[in-house]
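First comes the structure, then the notes that go with it.
There are 2 protein chains.
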Amino acid sequence: MKITLIGVGLIGGSMALKLKAKGFASYIYGVDQNLKHLEEAKELGIIDEIATLEVAVSNSDLIIIAIPVDATRKMISKVLDLAEPGKTFMDVGSTKEGIVTIIDNHPNRSRFVAFHPMWGTENSGPESATGESFAGKAGVICDRENSADDALKMVEMVAENLEMHLIYMKAADHDIHTAYISHISHITSYALANTVLEKEREEDTIFQLASSGFSSTVRLAKSHPEMWVPIFKQNKENVLDVLNEHISQLRKFKSALEKDNDELLEELIRNANKIRGILR
Amino acid sequence: MKITLIGVGLIGGSMALKLKAKGFASYIYGVDQNLKHLEEAKELGIIDEIATLEVAVSNSDLIIIAIPVDATRKMISKVLDLAEPGKTFMDVGSTKEGIVTIIDNHPNRSRFVAFHPMWGTENSGPESATGESFAGKAGVICDRENSADDALKMVEMVAENLEMHLIYMKAADHDIHTAYISHISHITSYALANTVLEKEREEDTIFQLASSGFSSTVRLAKSHPEMWVPIFKQNKENVLDVLNEHISQLRKFKSALEKDNDELLEELIRNANKIRGILR
Chain A
1 MKITLIGVGL IGGSMALKLK AKGFASYIYG VDQNLKHLEE AKELGIIDEI ATLEVAVSNS
61 DLIIIAIPVD ATRKMISKVL DLAEPGKTFM DVGSTKEGIV TIIDNHPNRS RFVAFHPMWG
121 TENSGPESAT GESFAGKAGV ICDRENSADD ALKMVEMVAE NLEMHLIYMK AADHDIHTAY
181 ISHISHITSY ALANTVLEKE REEDTIFQLA SSGFSSTVRL AKSHPEMWVP IFKQNKENVL
241 DVLNEHISQL RKFKSALEKD NDELLEELIR NANKIRGILR
Chain V
281 MKITLIGVGL IGGSMALKLK AKGFASYIYG VDQNLKHLEE AKELGIIDEI ATLEVAVSNS
341 DLIIIAIPVD ATRKMISKVL DLAEPGKTFM DVGSTKEGIV TIIDNHPNRS RFVAFHPMWG
401 TENSGPESAT GESFAGKAGV ICDRENSADD ALKMVEMVAE NLEMHLIYMK AADHDIHTAY
461 ISHISHITSY ALANTVLEKE REEDTIFQLA SSGFSSTVRL AKSHPEMWVP IFKQNKENVL
521 DVLNEHISQL RKFKSALEKD NDELLEELIR NANKIRGILR
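Going line by line, the protein sequences match chains A and V. With the first letter of the first sequence counted as 1, position 50 gets the number 50 in my numbering; the numbers rise by one all the way through. To convert a position in the second sequence, counted from 1, into my numbering, add 280.
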């Protein structure tokens, strides 16, 4: 199967490597604004050919849009204009409402499937891509009823080849759940990094003392703004809602500490420990 | 060398396994309030013999106190009363001021070395212990000038056998730095777990959607209150100081989002990204 990969970074590149290894992709056209990334992707075997959008799409059965969510919003209508019968279009963005709304009345809407693989790292660019990233993780398909059956089947096959398990949701529900489970983690981690950078002026001490616990909590703070500013903006209301709750949860810790309320402190921690039963 | 291990949990147990594997410990006496843990530790080869405090200490060259910091505070004077010439006592607690202050005027103060290995996990109990935990991590020795030279040398040998690199600090400075680098990470992680548990009532969805990013940020929230309530209390002023800064950093994200201030949002993220240059 011939595939167009729009965006040859971490997510797109990792998908390409896996789909090739599985024999699902026979030939991959790479489209990207960043020529250096395209050349790297070709060298790394992620893509076979650098192409323009039009040439790539006209030669492909499947078109994967793997660029930041603001860029997806900007170009998706134009990309869908190129949908001839039999072609399937999918994205991999971390927000969904903003994307599906914009193509709601597009004549080729049914050729598009809104997809979100629940995997990522703090790294970016083709050199971070790895074929073994998605196995065992969740893939979310949103608003399946708005996609043609054959397009849906195609994306389900993609997920199967990535060895992901599928979950189906409304785009609006997806954005609420990801605000809880993914987006707030990033804000927390950024804010934690900024706290430490603000308070701990001795960088050398941070490096020397940093425990595995700190490294793990602050890992996501290495993630780039090019990807995350658009996500926070597109999911603004949900993210603000969760962020307010998070600040209020931190205030409970503050109050328990200030008032030497050991029972409350212990209760807050015991409640948090429940996550142990949910995340193995 | 014969060693007494007071507290046969994650940290003490892991130290014992490594010190045995290295041939540094020839025989280990286990002392613990929890008889089940003592029996498990014996079965796992962490200790060789279950003993009373008095018998264990009288037969040992080195006494390692590896219990929660509130329990250490309560028993440390009594333990130091047993210090005969040539015996070395050390703790492994995550706070230091509260512990060294209490023995400041103890006649055997110089037999004690305040030590903190910068390693831990969200798990506890002897069955979580592993011999390969400390290698490459930092070990902090506090207020070295208050320990006898031979006692200091003994703890330096322990650190060497654990394959840790040593850092020397004042106890007060240690407590400031660990508030930044370890304690606040735990509060953040607890608060994040509570946020998600509060907002996301569908536990099944958390489990299904949880990405590696979320799991990593929330991992520390599995840590037990028995260990962490005493740490937060003993380091109350420093922890509150960092917690206030953290809440104010989160408020900046909130404000940037509410006001659609993209430049501020990007600046906050770019600043957080600096952690990449500090933590490899």
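Every residue, glycine too, gets a C-beta built ideally from N, C-alpha and C. Nothing here was measured: the structure is a model prediction, and the numbers come from that model.
* Asked: If Ile464/V sits next to Ile247/A, beta carbons under 8 Å apart, how far is it from one beta carbon to the other, in whole angstroms?
  -> That pair is no contact at about 15 Å.
* To do: Determine the burial state of His445/V: buried for a count of at least 16 other Cβ atoms within 10 Å of its Cβ, exposed for fewer.
  => His445/V is exposed by the Cβ-count criterion.
* **Closest Cα partner of Gly23/A within the set Met1/A, Ala41/A, Glu43/A** => Met1/A
* Grab the span of the beta strand (DSSP E) containing Met444/V for me, first residue to last. => Note, Met444/V: premise wrong, no beta strand (DSSP E); not H, not E.
* Cβ-based neighbour list, Thr77/A, same chain, cut-off 7 Å, excluding 5 preceding and 5 following -> Note on residue identity: the sequence assigns Ser, not Thr, to residue 77/A. The answer, listed in chain order, is Ile102, Ile103, His106.
* Asked: Does the region 177-193 of chain A come close enough to the region 147-154 of chain A to have 3 or more Cβ pairs within less than 8 Å?
  -> no
* For a contact meaning CB atoms closer than 8 Å, what does Ala106/A contact in chain V? -> The sequence given here places His at residue 106/A; Ala does not occur at that position. The premise fails here: His106/A is roughly 27 Å from chain V at the closest Cβ pair, so nothing lies under 8 Å.
* **Residue-level contact to chain A via CB, Met295/V, 8 Å cutoff** => no
* Asked: What residues of chain V sit near Ala56/A, judged by a beta carbon separation below 9 Å?
  -> Those do not exist, as Ala56/A stays about 29 Å from chain V at its closest Cβ, beyond 9 Å.
* **Partner residues on chain A for Lys574/V, Cβ-Cβ distance less than 8 Å** => As shown, chain V starts at 281 and ends at 560. That puts residue 574/V outside it, with no answer to give.
* Asked: What residues of chain V sit near Ser128/A, judged by a beta carbon separation below 7 Å?
  -> Within chain V, no residue comes near Ser128/A; the closest Cβ sits about 13 Å away, beyond 7 Å.
* So the alpha helix (DSSP H) Pro230/A belongs to, where does it begin and stop? -> 225-234
* State the start and end residues of the unbroken beta strand (DSSP E) segment that holds Gly139/A. => 138-142
* To do: Locate the alpha helix (DSSP H) running through Asp91/A, then write down its first and last residues.
  => Per DSSP, Asp91/A belongs to no alpha helix (DSSP H); it is in the beta strand (DSSP E), 88-91.
* Asked: Exposed or buried, Thr332/V, counting other C-beta atoms within 10 Å across all chains shown (16 or more means buried)?
  -> Thr332/V should be labelled exposed.
* Confirm the yes/no value for this check: CB of Ile291/V, any heavy atom of the ligand SAH, distance under 7 Å. => Absence of the ligand SAH is noted for the structure shown, with no ligands found whatsoever.
* Asked: Buried or exposed: which applies to Glu425/V, given that a residue is buried once 16 or more other Cβ atoms fall within 10 Å of its Cβ?
  -> exposed
* Going along the chain, which residues of the region 430-455 of chain V sit with their C-beta nearer than 7 Å to a C-beta in chain A? -> Ile447: these are the residues of the region 430-455 of chain V whose beta carbon lies less than 7 Å from some beta carbon of chain A, given in chain order.
* Asked: Mind listing which residues of the region 532-557 of chain V have their C-beta closer than 9 Å to chain A's C-betas, in chain order?
  -> Lys532, Phe533, Lys534, Ala536, Leu537, Glu538, Asp540, Asp542, Leu545, Glu546, Glu547, Leu548, Ile549, Arg550, Asn551, Ala552, Asn553, Lys554, Ile555, Arg556, Gly557
* Asked: By DSSP, does Val8/A sit in helix, in strand, or in coil?
  -> coil
* To do: State yes or no: is the beta carbon of Val229/A nearer than 8 Å to at least one beta carbon in chain V?
  => yes
* Would you say Val113/A reaches chain V, if we count a Cβ-Cβ gap shorter than 8 Å as a contact? -> no
* **Three-state class that DSSP yields for Phe253/A in the structure shown** => helix
* Asked: Looking only at DSSP bridge pairs, what is Phe112/A linked to?
  -> DSSP lists Phe89/A as partners of Phe112/A.
* Asked: Is it a yes or a no for the region 273-280 of chain A touching the region 485-503 of chain V, going by three-plus beta-carbon pairs under 8 Å?
  -> yes
* Taking Ser94/A as the reference, which of Gly139/A, Ala135/A, Gly125/A has the closest Cα? -> Across the set Gly139/A, Ala135/A, Gly125/A, the C-alpha of Gly139/A shows the shortest separation from the C-alpha of Ser94/A.
* **Rounded C-alpha distance that separates Gly9/A from Glu54/A** => 20 Å
* **Contacts that Leu197/A makes with chain V (C-beta to C-beta distance below 9 Å)** => Within 9 Å Cβ-Cβ: Asn551, Ala552, Lys554, Ile555, Ile558.
* **Which residues DSSP lists as bridging Leu548/V, in chain order** => Note: Leu548/V sits in no beta bridge, so no partner.
* With distances taken from CA atoms, which of Thr72/A, Gly30/A, Leu80/A is nearest Gly45/A? -> Gly30/A
* To do: Have a look at the DSSP bridge pairing and note the partners of Leu342/V.
  => Ile283/V, Thr368/V
* To do: Using a Cβ-Cβ cut-off of less than 7 Å, list which residues of the region 201-213 of chain A approach chain V; keep chain order.
  => From the region 201-213 of chain A, only Glu203, Thr205, Ile206, Phe207, Gln208, Leu209, Ala210, Ser211, Ser212, Gly213 have a Cβ closer than 7 Å to chain V.
* Asked: Residues in its own chain within less than 7 Å of Phe512/V by CB, not counting five upstream and five downstream?
  -> His463, Val519
* Own chain residues within Cβ distance below 7 Å of Ser133/A, not counting five before or after -> Answer for Ser133/A: Ser14, Trp119, listed in chain order.
* For Pro365/V, decide whether its Cβ has a neighbour in chain A, counting only Cβ atoms nearer than 8 Å. => no
* To do: Would you give the residue range spanned by the beta strand (DSSP E) that Gly30/A belongs to?
  => Where Gly30/A is concerned, the enclosing beta strand (DSSP E) stretches over 27-31.
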